[in-house]
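Colleague:
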Amino acid sequence: MKTLEELLKERILILDGAMGTMIQGYKLEEADYRGDRFKDWPSDLKGNNDLLSLTQPQIISEIHTAYLDAGADIVETNTFNANYYGMADYGMEQDELVYELNVAAARVAREACDAATAKTPDKPRLVAGVLGPMPVTASMSKDVNNPGARDVSFDQLRAAYTVSLKGMLEGGIDIVLVETVFDTLNAKAALFAIDEYFEANNIDMPVMISGTITDASGRILTGQTPEAFWNSLRHIKPLSFGFNCALGAKELRPHVEAMSAIADCYINVHPNAGLPNAFGGFDETPEMLAEEIADWARSGFLNIVGGCCGTGPDHIRAIAEAVKEFPPRQVPDVPVACRLSGLEPCNIDENSLFVNVGERTNVTGSARFKRLILEEDYDEALSVAREQVENGAQVIDINMDEGMLDGEKAMTDFLNLIASEPDIARVPVMIDSSKWPIIEAGLKCIQGKGIVNSISLKEGEDSFIQQARLCRRYGAAIIVMAFDETGQADTHARKVEICSRAYNLLRDKLDFPPEDIIFDPNVFAVATGIEEHNNYGVDFIEATRDIKKACPHALISGGVSNVSFSFRGNNPVREAIHAVFLYHAIKAGMDMGIVNAGQ
Ligand code: THG
Numbered sequence: 018m019k020t021l022e023e024l025l026k027e028r029i030l031i032l033d034g035a036m037g038t039m040i041q042g043y044k045l046e047e048a049d050y051r052g053d054r055f056k057d058w059p060s061d062l063k064g065n066n067d068l069l070s071l072t073q074p075q076i077i078s079e080i081h082t083a084y085l086d087a088g089a090d091i092v093e094t095n096t097f098n099a100n101y102y103g104m105a106d107y108g109m110e111q112d113e114l115v116y117e118l119n120v121a122a123a124r125v126a127r128e129a130c131d132a133a134t135a136k137t138p139d140k141p142r143l144v145a146g147v148l149g150p151m152p153v154t155a156s157m158s159k160d161v162n163n164p165g166a167r168d169v170s171f172d173q174l175r176a177a178y179t180v181s182l183k184g185m186l187e188g189g190i191d192i193v194l195v196e197t198v199f200d201t202l203n204a205k206a207a208l209f210a211i212d213e214y215f216e217a218n219n220i221d222m223p224v225m226i227s228g229t230i231t232d233a234s235g236r237i238l239t240g241q242t243p244e245a246f247w248n249s250l251r252h253i254k255p256l257s258f259g260f261n262c263a264l265g266a267k268e269l270r271p272h273v274e275a276m277s278a279i280a281d282c283y284i285n286v287h288p289n290a291g292l293p294n295a296f297g298g299f300d301e302t303p304e305m306l307a308e309e310i311a312d313w314a315r316s317g318f319l320n321i322v323g324g325c326c327g328t329g330p331d332h333i334r335a336i337a338e339a340v341k342e343f344p345p346r347q348v349p350d351v352p353v354a355c356r357l358s359g360l361e362p363c364n365i366d367e368n369s370l371f372v373n374v375g376e377r378t379n380v381t382g383s384a385r386f387k388r389l390i391l392e393e394d395y396d397e398a399l400s401v402a403r404e405q406v407e408n409g410a411q412v413i414d415i416n417m418d419e420g421m422l423d424g425e426k427a428m429t430d431f432l433n434l435i436a437s438e439p440d441i442a443r444v445p446v447m448i449d450s451s452k453w454p455i456i457e458a459g460l461k462c463i464q465g466k467g468i469v470n471s472i473s474l475k476e477g478e479d480s481f482i483q484q485a486r487l488c489r490r491y492g493a494a495i496i497v498m499a500f501d502e503t504g505q506a507d508t509h510a511r512k513v514e515i516c517s518r519a520y521n522l523l524r525d526k527l528d529f530p531p532e533d534i535i536f537d538p539n540v541f542a543v544a545t546g547i548e549e550h551n552n553y554g555v556d557f558i559e560a561t562r563d564i565k566k567a568c569p570h571a572l573i574s575g576g577v578s579n580v581s582f583s584f585r586g587n588n589p590v591r592e593a594i595h596a597v598f599l600y601h602a603i604k605a606g607m608d609m610g611i612v613n614a615g616q
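Those letters in the sequence shown? Residues 18 to 616, per our numbering, in order.
(1) Can you confirm whether E128, when its beta carbon is compared against all beta carbons of chain C, has any partner nearer than 8 angstroms?
(2) Indicate whether P349 and R356 have their beta-carbon atoms separated by less than 8 angstroms.
(3) May I ask whether a heavy atom of ligand 1 can be found less than 7 angstroms away from the beta carbon of M498?
(4) When you compare each of D396, V412, M417 to A384 by their alpha carbons, which one comes out closest?
(5) Are the segment 272-283 and the segment 77-84 in contact at 8 angstroms, needing three or more beta carbon pairs?
(6) Could you work out which residue in N248, G88, I336, Y43 is closest to N66 when comparing CA atoms only?
(7) Can you grab the Cα-Cα spacing for the pair G576 / Q405, in whole Å?
(8) Taking 8 angstroms as the threshold, find out whether the segment 513-531 comes into contact with the segment 473-492 through three or more Cβ pairs.
(9) Using CA atoms only, rank isn't needed, just tell me which of S473, L474, A494 is closest to K466.
(10) When the distance is taken between beta carbons, is S574 closer than 8 angstroms to A608?
(11) I think T229 touches A263, with their Cβ atoms under 8 angstroms apart; what is that distance to the nearest whole Å?
(12) Skipping 5 residues on each side, what residues in its chain have a beta carbon closer than 7 angstroms to that of R346?
(13) For N285, name the three-state secondary structure that DSSP assigns.
(14) Can you tell which of T231, I413, E93, L256 has its C-alpha closest to the C-alpha of G291?
(15) Taking the Cβ atom as the reference point for each residue, do A126 and T94 lie within a distance shorter than 8 angstroms?
(16) How many Å lie between E216 and V224 at the Cα?
(17) Are P531 and H570 close, meaning C-beta to C-beta below 8 angstroms?
(18) Mapping the DSSP letters down to three states, classify Q505 as helix, strand or coil.
(19) Work out the CA separation of C282 and K341 for me, nearest whole Å.
(20) In the DSSP assignment, find the unbroken beta strand (DSSP E) run with V92 in it and report its ends.
(21) Take E117 as the anchor and find which of T137, A132, T96, L238 has the nearest alpha-carbon.
(22) So, under 8 angstroms CB-CB, S227 and L194 are touching, yes? Tell me the CB distance rounded to an integer number of Å.
(23) Taking 7 angstroms as the cut-off, is the C-beta of N408 nearer than that to any heavy atom in ligand 1?
(24) Since I76 is in the beta strand (DSSP E), which residue starts that stretch and which ends it?
(25) Mind checking whether the beta-carbon of A121 lies closer than 7 angstroms to any heavy atom of ligand 1?
(26) Roughly how many angstroms separate the alpha carbons of A122 and Q111, rounded to a whole number?
(27) Enumerated in chain order, which unbroken segments of the alpha helix (DSSP H) with a length of 4 residues or greater are wholly contained in the segment 318-361?
(28) When you compare only the Cα positions, how much space is there between Y84 and F260?
(29) Measuring straight from C-alpha to C-alpha, what distance separates F171 and R518?
(30) At what residues does the alpha helix (DSSP H) containing L194 begin and finish?
(31) What whole-angstrom Cβ distance do I192 and L256 have, given they're in contact under 8 angstroms?
(32) Decide yes or no for the touch test of the segment 320-333 against the segment 30-48: beta carbon pairs closer than 8 angstroms, at least 3 of them.
(33) Using only CA atoms, which one of A307, T429, N163, K63 lies nearest to D49?
(34) What is the residue span of the beta strand (DSSP E) that M447 lies within?
(35) Report the CB separation of Y520 from C462 in whole angstroms; it is logged as a contact under 8 angstroms.
(36) What are the start and end residues of the alpha helix (DSSP H) that includes M185?
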């Protein structure tokens, strides 16, 4: 049988259409939803479509078969809400029941696909196990008076996704589909769960991701642009990436086009049959939808296409017919770059200008910020972050390492507050701490692709590798300090030696993306009065040149204000030293620096 990869090279594959729209057609009543097994269940069950995989499996099977007959290569499991939070509305959130729902849904889809494949063995049919977006959000507050409040945590989502995933794997899926993503942090929790579970159980299965653009500004609900959204999730190396739902196909076209140009994986799209009308129905006929989609196929945007809300087998048949004459999109070669994001993308490569990372949101580096955080004056603390972005910081460094603080809580609270300030959240975050639990707390709060500052070989290879693996699983780039078991590198040779060793470990043991490795060869203070310190600036600059040569695609960063620490209080001298230092360091290949962006 042909593999999925072979099929994708050959033609545009067809995904099925809406499940809910089809279920509506059966006009099921409360008793139908309950079946025999749940006839005494204490809460109403009408509308719990995912339950039908257990109580009316023949209906779900009929729907899958109708789509397969219409030409679908891939069918989606009936599991959109089959998770803890989706089932809580019905008192059905128990792990065993959620697991069972997912097993059952995957089995129904598996059997329908296998039956279709048996009829046409040259056209294998595949099951995509759907992990829905969840009716809760990790990035937004429902409390208007408290923008930092959250109903759900990353870890809760991750645990919930794991239960659903296990069930679908047991039921026999071929692909995992994380879909209708409106909150990228929810999706990051899903990807974390997938990667963690796959690694622990030696599973290698393709992952498809589909976001949903809910307003005309072209952003997902939590505010990210499509490219920022892509940058946040591409660490899982998805088989395919794209959009589904929400505004209808015409509105989606520019985003499909843009994604098709930047994503170095296959593209999947499954639009609605237009916007819902006044009666909750959908007006786009199969012909209208197919005509629009044929235009995308003709333009070379598509690899996998199907339908979302309002589409049925006739839509899928029309789409399959309309795209069959067009070749599939070729996956483009995209330049290697460190692709970060806040609400907006921030791509750094060899040709980028120097990237300024704002240093002022650091309790150890700013007396003012420390006071504001200790006094819990978060409004003013946020204004420190905002000023940096206004002054040109393209990334903001956040550090809460202070003895008087609960650092994990302060990091969490501050990042949650930033998430609701679009003028700050548009830039990526650098999570700065010498304590791993604070870094991890921060990673659980950001929907964008941020930078962990920092990890190192200080405690040996095992913990370094373990932390790097987690950073990637959370979807973050890393700063690696030139620090090993024997201490911090202070000479040119030691800096190069440690960074090269770290680079080779990351590449060999984890296949860590080289563009997501940012070395910090230690900016130390010069002119301290100690003779040996006087060459520290030059050591950093020369090491930068050699590390860039030895470690292809890796970037170099440093804490610029450190170099002038001996002149604290004398800002004109400090600024002059920084200017000279940067002049040479940037020429030697320094890509980014933690600086006072306003200066
Ligand atoms: N590498 C990495 N991360 C880092 C550093 C680094 N994080 C922290 C630090 N070094 C970079 N950040 C700062 C922030 C402020 C100052 C220096 C470095 C600083 N502050 C003034 C002072 O202390 O005199 C201002 C004080 C105030 O306003 O109260 O110099 O090297 N990866």
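Here a beta-carbon is modelled for each residue, glycine too, at the ideal position from N, C-alpha and C.
Modeller: Taking the structure as given:
(1) You won't find chain C in this structure, because it holds only one protein chain.
(2) For the purposes of this step, residue 349 is taken as the residue at position 332 of the sequence shown. For the purposes of this step, residue 356 is taken as the residue at position 339 of the sequence shown. No, the pair does not count as a contact, with Cβ atoms beyond the cut-off.
(3) Locating residue 498 in the sequence shown gives position 481, counting from the first residue. Yes.
(4) As a first step, residue 384 is located in the sequence shown; it is residue number 367 there, counting from the start. M417 is the residue among D396, V412, M417 whose C-alpha sits nearest the C-alpha of A384.
(5) no
(6) Locating residue 66 in the sequence shown gives position 49, where the first residue counts as 1. Comparing Cα-Cα distances from N66 to each of N248, G88, I336, Y43, the minimum goes to Y43.
(7) Taking the first residue of the sequence shown as position 1, residue 576 is located at position 559. Taking the first residue of the sequence shown as position 1, residue 405 is located at position 388. Straight-line Cα distance between these residues: approximately 16 angstroms.
(8) When Cβ pairs closer than 8 angstroms are counted between the two stretches, the segment 513-531 is seen to touch the segment 473-492, the count reaching three or more.
(9) Taking the sequence shown and counting its residues from 1, one reaches residue 466 at position 449. Taking only the C-alpha atoms, the option nearest K466 is A494.
(10) Locating residue 608 in the sequence shown gives position 591, where the first residue counts as 1. Locating residue 574 in the sequence shown gives position 557, where the first residue counts as 1. Note that residue 608 is Asp in the sequence shown, not Ala. A contact, by the Cβ cut-off of 8 angstroms.
(11) Position 212 of the sequence shown holds residue 229. Position 246 of the sequence shown holds residue 263. Indeed they touch by this definition, with Cβ atoms about 5 angstroms apart.
(12) Walking along the sequence shown from the start, residue 346 turns up at place 329. Exclusion of the five residues before and after R346 leaves S277, I284, G317, F318, L319, N320 as the residues of its chain whose Cβ lies within less than 7 angstroms of its Cβ.
(13) One-based indexing of the sequence shown puts residue 285 at position 268. N285 carries a strand assignment under DSSP once its states are collapsed to helix, strand and coil.
(14) As a working note, residue 291 is residue 274 in the sequence shown. When only C-alpha atoms are compared, the closest one is T231.
(15) Walking along the sequence shown from the start, residue 126 turns up at place 109. Walking along the sequence shown from the start, residue 94 turns up at place 77. For A126 and T94, yes; Cβs fall inside 8 angstroms.
(16) Indexing the sequence shown from 1 puts residue 216 at position 199. Indexing the sequence shown from 1 puts residue 224 at position 207. So the two alpha carbons sit approximately 14 angstroms from each other.
(17) If you number the sequence shown from 1, residue 531 lands on position 514. If you number the sequence shown from 1, residue 570 lands on position 553. Yes, the Cβ-Cβ distance between P531 and H570 is below 8 angstroms.
(18) In the sequence shown, the residue the question calls residue 505 occupies position 488. Here Q505 sits in strand by DSSP.
(19) Numbered from its first residue, the sequence shown carries residue 341 at position 324. Numbered from its first residue, the sequence shown carries residue 282 at position 265. Taking the straight line from one Cα to the other gives about 21 angstroms.
(20) The residue given as residue 92 occupies position 75 in the sequence shown. It spans 91-93 - the beta strand (DSSP E) in which V92 sits, taken as one unbroken run.
(21) Locating residue 117 in the sequence shown gives position 100, counting from the first residue. Selected option, being the one with the closest Cα: T96.
(22) Position 210 of the sequence shown holds residue 227. Position 177 of the sequence shown holds residue 194. With 8 angstroms as the limit, S227 and L194 qualify as a contact, their Cβ atoms being about 7 angstroms apart.
(23) Position 391 of the sequence shown, counted from the first residue, corresponds to residue 408. False, no ligand heavy atom lies under 7 angstroms from that Cβ.
(24) As a position in the sequence shown, residue 76 is number 59, starting the count at 1. Here I76 belongs to no beta strand (DSSP E); instead the alpha helix (DSSP H) covers 74-87.
(25) Looking up residue 121 in the sequence shown gives position 104. In terms of side-chain proximity, the C-beta atom of A121 is found no nearer than 7 angstroms to any non-hydrogen atom of ligand 1.
(26) Position 105 of the sequence shown, counted from the start, is the residue given in the question as residue 122. Position 94 of the sequence shown, counted from the start, is the residue given in the question as residue 111. CA-to-CA, the gap between A122 and Q111 works out to about 17 angstroms.
(27) Complete alpha helix (DSSP H) runs here, min 4: 330-340.
(28) Within the sequence shown, numbered from 1, the residue matching residue 84 stands at position 67. Within the sequence shown, numbered from 1, the residue matching residue 260 stands at position 243. If you take the alpha carbons of Y84 and F260, they lie about 20 angstroms apart.
(29) Locating residue 171 in the sequence shown gives position 154, where the first residue counts as 1. Locating residue 518 in the sequence shown gives position 501, where the first residue counts as 1. For F171 and R518, the distance between alpha carbons rounds to 33 angstroms.
(30) In the sequence shown, the residue the question calls residue 194 occupies position 177. Segment 192-198 is the beta strand (DSSP E) holding L194; no alpha helix (DSSP H) there.
(31) For the purposes of this step, residue 192 is taken as the residue at position 175 of the sequence shown. For the purposes of this step, residue 256 is taken as the residue at position 239 of the sequence shown. With a Cβ gap of about 7 angstroms, I192 and L256 count as contacting.
(32) yes
(33) Position 32 of the sequence shown holds residue 49. Nearest C-alpha to D49: K63.
(34) Translated into the one-based positions of the sequence shown, residue 447 becomes position 430. Run containing M447: 446-449, per the beta strand (DSSP E) assignment.
(35) Counting from 1 along the sequence shown, the entry for residue 520 is found at position 503. Counting from 1 along the sequence shown, the entry for residue 462 is found at position 445. That belief does not hold up - the Cβ atoms of Y520 and C462 are roughly 29 angstroms apart, past 8 angstroms.
(36) Looking up residue 185 in the sequence shown gives position 168. First-last of the alpha helix (DSSP H) with M185: 171-188.
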